[in-house]
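Novice:
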Amino acid sequence: MTNPEKLASLQKLAEKTDLNDRALNDFLAEKAKREGGRKLPYAGVSTFLKAPQKTIDDKPDIGLFGVPFDLAVTNRPGTRFGPQQVRQLSVMAAGPKNHATGIVPAMLLDYADCGDVPFESVYDLDAATKEIEAFYHKVIDQNIMPLSVGGDHSISYPILKAVGRDRPVCLIHIDAHADTGGSFNGSRFHHGGPFRNAALAGVIDPEKTIQIGIRGRAEPHWDFSYDSGMRVIHIEEFYEMGIDAVIAEARDLVGDLPTYISFDVDSIDPAFTPGTGTPEVGGFIPREVQAMIRGFQGLNFVGADVVEVSPPYDQSGNTALVASTMLWELLCILAHSLHSRKE
Ligand SMILES: [Mn+2]
34 MTNPEKLASL QKLAEKTDLN DRALNDFLAE KAKREGGRKL PYAGVSTFLK
84 APQKTIDDKP DIGLFGVPFD LAVTNRPGTR FGPQQVRQLS VMAAGPKNHA
134 TGIVPAMLLD YADCGDVPFE SVYDLDAATK EIEAFYHKVI DQNIMPLSVG
184 GDHSISYPIL KAVGRDRPVC LIHIDAHADT GGSFNGSRFH HGGPFRNAAL
234 AGVIDPEKTI QIGIRGRAEP HWDFSYDSGM RVIHIEEFYE MGIDAVIAEA
284 RDLVGDLPTY ISFDVDSIDP AFTPGTGTPE VGGFIPREVQ AMIRGFQGLN
334 FVGADVVEVS PPYDQSGNTA LVASTMLWEL LCILAHSLHS RKE
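Residue numbers (the working numbering): 34 to 376.
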C-alpha cells in the first residue's frame, strides 16, 4: 500500500481545478462565462475548428472558408463535400492549445468560420473559377487572411489571384503532384494546373516556390515546374535530405517575403488519407506534415489552404480528421504570423 502521507498529499493536489497554464485557464474561464458554459463537442452547428460563425463584413483577422467544388477533377469527384465533412470532423482537432508550439490562436487574434464560397455557375468551370476569384477579392478588400478548405486543387488559382493581386507571393506547396500541368481535355482550370496558372498570372513567383512530396505517374506533366525555376522536392529526396534540411531550405527560399501555403491531403500516404481524388501510394505520414508546418512558424504568411478531401472515398472519416489536424496546424502558424506583424 502507498505511504499514507504520500497518498494524502496526492489527494490534496487533486483538489486543484485550475490549469497550471494560468493564462489559458483565465482565457477559457472567461470564454465559458461569455458563452454560458462549455460547448458540447457533438452538439450544435458544425464549424471549422469549432470557430464562431461570422461573415466577411465582421472582418475577423483570419477567415476560414469552405470551397465546395469538384468541377475541375481529372478523375474522381467528391471534393464538393469536403468542407462539410471537415467541419464535422474538425471538432476533434480544434485546440485550444498547440501542445508542441504552445500557440493558442484564439488568444492571439480573432478567427471565424465565414461559411462557403457561394456559387451561381455550378455547371460552368470557367465561370465558377471567376466567381471564386471575385469572392476572395472581397475577402482581401476586408483585410481578412484567408484559410480555405476545398474543394479540388483548382481553387488555389482563383484564391491566389486575389491574394497575390498587388505583388506575386512565395508558395510552399505540399502535395504528391506539382499541379503545373497545361491544358487538359480542353481546359486549363483543372486541379492539375493551378500553380502554372498562378505563375502565368503573375500572382506567385515561380522562383520562390517550393513543392514538397512530389511523386507518381503524373511526373511527365510537371515540366513547367522545372522550366520556370520552381524547387521540386520529390518524396525520395525528402527522405534523403531529412525533414530539418527541407524546412531550412524552404525558409531560406522565401525569407521574410509574403508566403502562401497550400496543402493537398494526397501528399500524405493513402493509408492515412484514402478519401481523395488521386491517391498516390508512398507518401508522408501525418506527423511529418505536422512537423513541417510547425517548422514554417515565423514566416510571413498571407494565407493557406487545405484541399482534395473527398468524403465519398473516406469511409472511416480519417482523411477529414487528418485534413482538420493540418488545418489546425496552419491556423496556429497563420495566427502567430499575423499577430507578430501587428505587434
Ligand atoms: Mn494537388
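Ideal Cβ positions, reconstructed from N, Cα and C, are used throughout, including at glycine.
Just so it is clear, the structure is predicted and the values come from calculations on it, not from any experiment.
1. With distance defined between alpha-carbon atoms, name the residue in Glu164, Asp94, Asn218 nearest to Ile192.
2. Using a threshold of 7 Å, is the CB atom of Asp297 nearer than that to any non-hydrogen atom of ligand 1?
3. Rounded to whole angstroms, how far is the Cβ of Phe271 from the Cβ of Ile294, which I believe are closer than 8 Å?
4. Mind pulling the beta strand (DSSP E) runs of 3 or more residues that sit fully within the stretch 159–215?
5. Any heavy atom of ligand 1 closer than 7 Å to the beta-carbon of Asp212?
6. Assuming Pro344 contacts Gly111 (C-beta within less than 8 Å), just tell me the rounded distance between them.
7. On the CB-based measure, 16 or more other CB atoms within 10 Å of its CB, does Glu240 come out buried or exposed?
8. DSSP puts Thr242 in a beta bridge; with which residues?
9. Under a Cβ-count criterion, where at least 16 other Cβ atoms within 10 Å of its own Cβ denotes burial, should Pro201 be classed as buried or exposed?
10. Using only alpha-carbon positions, find the residue among His210, Ile268, Thr35, Gly336 that is nearest to Thr311.
11. Check whether the Cβ of Glu341 lies closer than 7 Å to any heavy atom of ligand 1, and answer yes or no.
12. When burial is assigned at 16 or more other CB atoms within 10 Å of the CB, is His86 buried or exposed?
13. Can you check DSSP and say which residues form a bridge with Ser343?
14. Measuring from the CB of His369, is there a heavy atom of ligand 1 at a distance below 7 Å?
15. Taking 7 Å as the line, does the beta carbon of Asp338 fall inside it for any heavy atom of ligand 1?
Specialist: Inspection of the coordinates gives the following:
1. Closest option to Ile192, Cα to Cα, is Glu164.
2. Correct: Asp297 has its Cβ closer than 7 Å to ligand 1.
3. That belief does not hold up - the Cβ atoms of Phe271 and Ile294 are roughly 16 Å apart, past 8 Å.
4. Listed in chain order, the beta strand (DSSP E) elements of length 3 or more contained wholly in the stretch 159–215 are 178–183, 202–207.
5. Short note on Asp212: C-beta closer than 7 Å to some heavy atom of ligand 1.
6. With a Cβ gap of about 6 Å, Pro344 and Gly111 count as contacting.
7. It is exposed - the Cβ of Glu240 has fewer than 16 other Cβ atoms within 10 Å.
8. For Thr242, which the question treats as bridged, DSSP gives the partners Leu204.
9. When all chains shown are included, Pro201 counts as buried.
10. The closest CA to that of Thr311, considering only His210, Ile268, Thr35, Gly336, is found on His210.
11. Correct: Glu341 has its Cβ closer than 7 Å to ligand 1.
12. Looking at the sequence itself, residue 86 is Gln, so the reference to His does not match. Here Gln86 is exposed: its Cβ has fewer than 16 other Cβ atoms, across all protein chains shown, within 10 Å.
13. Bridge partners of Ser343: none, in fact.
14. For ligand 1, not one heavy atom lies less than 7 Å from the Cβ of His369.
15. The answer is no for Asp338.
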